[in-house]
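In the numbering used here, the protein residues as written are 258 to 500.
Written out as C-alpha cells, the structure is:
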C-alpha cells in the first residue's frame, strides 16, 4: 500500500483516495500553507500518481526547472525496475518512454497568476507512471503508450516506484542546488530521443517548427532556426492531450 511506503526523512507522505484528483488535492494543500517536501500520492495500484510540493527560493522561471530534476529522478527510478535492454528515452517537454511507448508523464502545478519573475509561494512536480497493464493495444496510433507491466515489470508496485522516485529525486534536487542547471540539462539531453529531430508544436504563442537543437538556461526548447518554445507554454498547450 502507498501509505506504507518508506521515504527519505525529509519527505512527508499524504495519501488520498484512488478516485481523488491528485492535482486538485495538491493545489488545495499547497494553497492552504501545507508543508514543503510533502508528497501527495494517490492510493492507486495500477498507476503511480503523485505531486511533490516545494517552496522555492528563486523566481518562478528558475523554479520551473524542477521539471527536469523530476524527469531525471523518475528516469533513474524506472531504470532500477525495468529489465535490461529496455530503451528509456525522454520526449520534450514531459514524457518518459519505454521502447518508444509513453510510460510516464510529468507536469508542473503552480499558483494561479504566478508571475515568472516573482518567487512563488509553492510549486509542485506531478508525476504519473502507468504501472499496471493497459486495456487493449495502446501501441497503435500517433501516441503509443505502454506500461511497466507490459514491459515485463510484472511485480513492480506503485509503492516501490514511489520509494525509488523519492530517493532519486532528492539526489538530483541536491545536485541542482549545488551545481546549477548545467549538469541537469546535460543528463536530460543524454536521454532525449528527439534532439536533432524535427519538432512541430503549437502553443499559445503560435506554431513552432524546426530542428530540436538544445535546452536553454530557462528550460525552453531551442530550435536551430533560432526559435524558442517556453516550457510553461508547452506544458499548458499539452495539458490534457494524449501523451
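Even glycine gets a Cβ: it sits at the ideal position worked out from N, Cα and C.
Three or more pairs of CB atoms, one per stretch, sit closer than 8 Å, so the region 363 to 383 contacts the region 286 to 293. The beta carbon of residue 357 sits closer than 8 Å to those of 344, 346, 401, 450, all from its chain and outside the five residues before and after it, given in chain order. With 16 or more neighbouring CB atoms inside 10 Å of its own CB, residue 403 falls in the buried class. With respect to residue 430, residue 279 sits apart: the two C-beta atoms are not nearer than 9 Å. Going by DSSP, residue 425 is part of the alpha helix (DSSP H) stretching over 415 to 436.
Of the residues assessed, residue 258 falls on the exposed side of the cut-off, its CB having fewer than 16 other CB atoms within 10 angstroms.
Under the Cβ criterion (8 Å, minimum of three pairs), the region 372 to 379 counts as touching the region 304 to 314. Note on geometry: alpha-carbon atoms of residue 268 and residue 420 lie some 11 Å from one another. According to the DSSP assignment, residue 442 belongs to the alpha helix (DSSP H) that extends over 439 to 447. DSSP lists 272, 307 as the beta-bridge partner residues of residue 298.
Per DSSP, residue 318 is one residue of the alpha helix (DSSP H) stretching across 317 to 320. Following the DSSP letters along the chain, one finds residue 494 inside the alpha helix (DSSP H) bounded by residues 488 to 495. Excluding the 5 residues flanking it on each side, residue 441 has same chain C-beta neighbours closer than 8 Å at 322, 325, 326, 329, 429, 432, 433, in chain order.
Here the C-alpha atom of residue 303 lies approximately 34 Å from the C-alpha atom of residue 455.
Considering only 469, 476, 494, 414, the residue with the shortest C-alpha distance to residue 483 is 469. When the Cα atoms are used, residue 438 and residue 350 turn out to be separated by approximately 16 Å. In terms of Cβ geometry, residue 475 and residue 488 form a close pair [threshold 9 Å].
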